[in-house]
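Chains as they are written, first to last, in the working numbering: chain A, 1 to 590; chain E, 1001 to 1088. C-beta: ideal position from N, C-alpha, C; glycine also. Have a look at the structure below before the remarks.
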């Protein structure tokens, strides 16, 4: 029991399969209702795919555990209709790193100003999961089953049969597809006999959550070798409800049971905060970690996401955040396959895109770990040399590595993308997660809510009312295709007669009916690029087109609208075009 | 000041997606090079590395500044040796 949080107890209901077997397999079963499994199930159910989500427990995360949720995660949650985490969490962008008593390095996660979401919010994992459970329970297509533990799996070529244990006994559950979101110790991975290799780090860390009133700024503070915890490192984070996370490096030889006892924890905290600071100990845990991943995230009809597929050290908050990106990447592909609009081979691109992402996260978190906890004399001396030089030299400050915080992976060299044929500046190349920007449009005052959940053709147009009839016909064909591509026109304020070029969103709203569709193009919408930042960030000029994936990544881009090129890029993106760089596995539409 | 102390790591001109990317890659190479060496081996590796890079830089003005910047903050110890410049 925590002083600041009451654990919800979710109701168990007797699964119908206990009394009569299903007539047809469930299209998809998600195993594990942690952050990643919940996101996957919500994503599919929101799009209309029926999902069964199984969880062995009947409550949320015990203890605050993962507390840092990155901007990309918040954007994905916005897409999933779940903005509560962003609203409830403590926003922060600035991280400060100290060596002994002095600040040696400071970073700011806000790479771009004028984005909707901050670089990071801190929120206890139980709150994060609770908001997701509430969203999941509001979706009619999502059947969330608590106290349903998977105890066996038989995989066939066209699906899997799960054995599920409940308070009322075991039942069999047939599924066309299984998403394994069952965590670092994944029982499904073990049942399937899959190896997961990697590196174990010989170090222990103590997490203490304390409740206190403190006016420290909402920043990440990291100490190397501070006076109150010599030789080791310490990390301080502010969470919601005046809960503060303190993370002490203990070394490999520490006895975890002893270290967790309040009589041993409290003096450490007192040494850090000073004798006069009042606080209450809320939760304590000791952890170790490893970095490892599966060789393939797809095993026939079973798809691994999050910690079951890959694990990283906690430095950089790249665990839950990368797992949520896995779900973001997988679900639109799986929905198309289940709907019969894409071949199962499309799911190989999930692995092809998220394995490099996992490797990037493992590399970054391993480098941070090697810097924070040097494993031999030479690396300790180099580490301290960097920290000494950082007092005076900016190149050394850039080498100070107390964690490289989670950023979304740019899916370069992906078979889903169509490489550039035209010249573009900037970083919104094929595979890039889209940068946000302020706009005025029918879905609010930011760009990202106008894309996602479907394919979108974002077209820059100086005169959105003046598209040629044949252009509108071609756009209508794309919008009416089996996998629709919706049109989103981005126009400068000058497209609206009488609009001052410095107008802000409220001015626009006050100036009457200025946002309109496009005649003859179903679903088309027009955005006002209020301050020209969409054009700037996307190097957009009149005629520039971006094909955007349902997960808000750039798929392809051109300087001029060419319906054939868009159709080819779409076919490639959904696995219908076999060509250079596409998966070798030949599969027909089943 | 001829010695460059601004961030300068790149990969054949490509500075990477994030400000820390190339520096972290260099640091990983450096630590990996030491991974299976004992202290004497590490010291030898470091010395050879300094000599190779010093020759690459070449310019004694830059090297003089680098040595001074590196020595700053390191406390000298009494080696027991006295000056024997003259008269001894």
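With residue i as the anchor, note down where its alpha helix (DSSP H) starts and where it stops.
i	result
residue 349 of chain A	348 to 372
residue 46 of chain A	35 to 46
residue 1056 of chain E	1039 to 1057
residue 572 of chain A	563 to 573
residue 187 of chain A	187 to 191
residue 469 of chain A	469 to 479
residue 1032 of chain E	1021 to 1034
residue 7 of chain A	Looking at the DSSP string, residue 7 of chain A is not in any alpha helix (DSSP H), and its letter there is neither H nor E.
residue 441 of chain A	Residue 441 of chain A -> not in any alpha helix (DSSP H); beta strand (DSSP E) instead, spanning 438 to 441.
residue 534 of chain A	533 to 538
Return the first residue and the last residue of the beta strand (DSSP E) that residue i is part of.
i	result
residue 262 of chain A	That residue, residue 262 of chain A, is in no beta strand (DSSP E); its alpha helix (DSSP H) goes 262 to 273.
residue 82 of chain A	Counting along the chain, residue 82 of chain A falls outside any beta strand (DSSP E), and DSSP gives it neither H nor E.
residue 607 of chain A	Within the shown structure, residues of chain A are numbered from 1 to 590, placing residue 607 of chain A beyond reach of any answer.
residue 197 of chain A	197 to 200
residue 52 of chain A	51 to 54
residue 236 of chain A	233 to 238
residue 286 of chain A	280 to 287
residue 444 of chain A	444 to 446
residue 1064 of chain E	Looking at the DSSP string, residue 1064 of chain E is not in any beta strand (DSSP E); the run it does join, the alpha helix (DSSP H), is 1060 to 1071.
residue 245 of chain A	243 to 249
residue 26 of chain A	26 to 31
With distance defined between alpha-carbon atoms, name the residue in the options nearest to residue i.
i	options	result
residue 368 of chain A	A/315, A/359 and A/356	A/315
residue 296 of chain A	A/279, A/334, A/262 and A/347	A/347
residue 396 of chain A	E/1062, E/1002 and E/1007	E/1007
residue 95 of chain A	A/236, A/519 and A/245	A/236
residue 308 of chain A	A/357, A/328 and A/190	A/190
residue 39 of chain A	A/120, A/324 and A/207	A/324
residue 6 of chain A	A/282, A/262, A/570 and A/111	A/282
residue 530 of chain A	A/451, A/132 and A/462	A/462
residue 1024 of chain E	A/207, A/289, A/364 and A/292	A/364
residue 428 of chain A	A/385, A/322, A/491 and A/546	A/546
residue 12 of chain A	A/548, A/107 and A/169	A/169
residue 432 of chain A	A/105, A/438 and A/413	A/413
residue 173 of chain A	A/16, A/245 and A/491	A/16
residue 181 of chain A	A/4, A/455, A/362 and A/41	A/41
residue 98 of chain A	A/187, A/109 and A/234	A/234
residue 483 of chain A	A/14, A/558 and A/569	A/569
residue 59 of chain A	A/86, A/49 and A/148	A/148
residue 248 of chain A	A/241, A/232, A/311 and A/239	A/232
residue 1028 of chain E	A/366, A/326, A/519 and A/471	A/366
residue 520 of chain A	A/540, A/487, A/460 and A/276	A/487
residue 212 of chain A	A/93, A/220 and A/239	A/239
residue 548 of chain A	A/479, A/517, A/480 and A/452	A/452
residue 21 of chain A	A/151, A/163 and A/67	A/163
Look up residue i in the DSSP assignment and give the residues it is bridged to.
i	result
residue 458 of chain A	A/488 and A/546
residue 213 of chain A	None; residue 213 of chain A has no bridge partner.
residue 299 of chain A	A/302
residue 105 of chain A	A/97
residue 554 of chain A	A/548
residue 172 of chain A	A/163
residue 90 of chain A	A/122
residue 1014 of chain E	E/1011
residue 392 of chain A	The partner list for residue 392 of chain A (beta bridge, DSSP) is empty, contrary to what the question assumes.
residue 310 of chain A	A/293
residue 525 of chain A	A/488
residue 70 of chain A	A/120
residue 319 of chain A	For residue 319 of chain A, which the question treats as bridged, DSSP gives no partner whatsoever.
residue 642 of chain A	Residue 642 of chain A falls outside the range modelled here, since chain A spans only 1 to 590, and no answer is possible.
residue 205 of chain A	A/249 and A/287
Under the criterion of a Cβ to heavy atom distance below 6 Å, does residue i qualify as lining the ligand ATP?
i	result
residue 541 of chain A	Judged by which ligands are present, the structure shown has none, so any question about the ligand ATP falls away.
Q. Do three or more CB pairs link the segment 126 to 144 of chain A to the segment 43 to 53 of chain A at distances below 8 Å?
A. The segment 126 to 144 of chain A vs the segment 43 to 53 of chain A: in contact.
Q. Is the segment 118 to 128 of chain A close to the segment 59 to 71 of chain A, with three or more CB pairs under 8 Å?
A. Output reads yes: the segment 59 to 71 of chain A touches the segment 118 to 128 of chain A.
Q. Which whole runs of the alpha helix (DSSP H) in the segment 111 to 150 of chain A are 4 residues long or more, in chain order?
A. 125 to 137
Q: Would you check if the segment 558 to 576 of chain A and the segment 401 to 419 of chain A touch, i.e. whether three or more CB-CB distances between them fall below 8 Å?
A: yes
Q. Do the segment 184 to 201 of chain A and the segment 338 to 347 of chain A make contact, defined as three or more Cβ pairs closer than 8 Å?
A. no
Q: Count the C-beta pairs between the segment 517 to 530 of chain A and the segment 397 to 407 of chain A that are closer than 8 Å, then say yes if the count reaches three, no if not.
A: The segment 517 to 530 of chain A is not in contact with the segment 397 to 407 of chain A.
Q) On the three-pair Cβ rule with 8 Å, is the segment 103 to 117 of chain A touching the segment 130 to 138 of chain A? A) no
Q) Does the segment 75 to 93 of chain A come close enough to the segment 204 to 214 of chain A to have 3 or more Cβ pairs within less than 8 Å? A) no
Q. Quick check: the segment 219 to 227 of chain A against the segment 97 to 117 of chain A, are there 3 or more CB pairs under 8 Å?
A. Yes: at least three Cβ pairs fall under 8 Å.
(Q) Taking contact to mean 3 or more Cβ pairs, one atom from each stretch, closer than 8 Å, check whether the segment 533 to 541 of chain A and the segment 297 to 304 of chain A are in contact. (A) no
Q) Any chance the segment 20 to 36 of chain A sits against the segment 174 to 188 of chain A, with 3 or more Cβ pairs inside 8 Å? A) yes
Q.
Assess contact between the segment 383 to 391 of chain A and the segment 1033 to 1043 of chain E, defined as three or more Cβ pairs (one per stretch) separated by less than 8 Å. Is contact present?
A. no
Q) How about the segment 275 to 293 of chain A and the segment 247 to 267 of chain A: do they share at least three Cβ pairs that are nearer than 8 Å? A) Yes, since at least three Cβ pairs between the segment 275 to 293 of chain A and the segment 247 to 267 of chain A fall closer than 8 Å, the two stretches touch.
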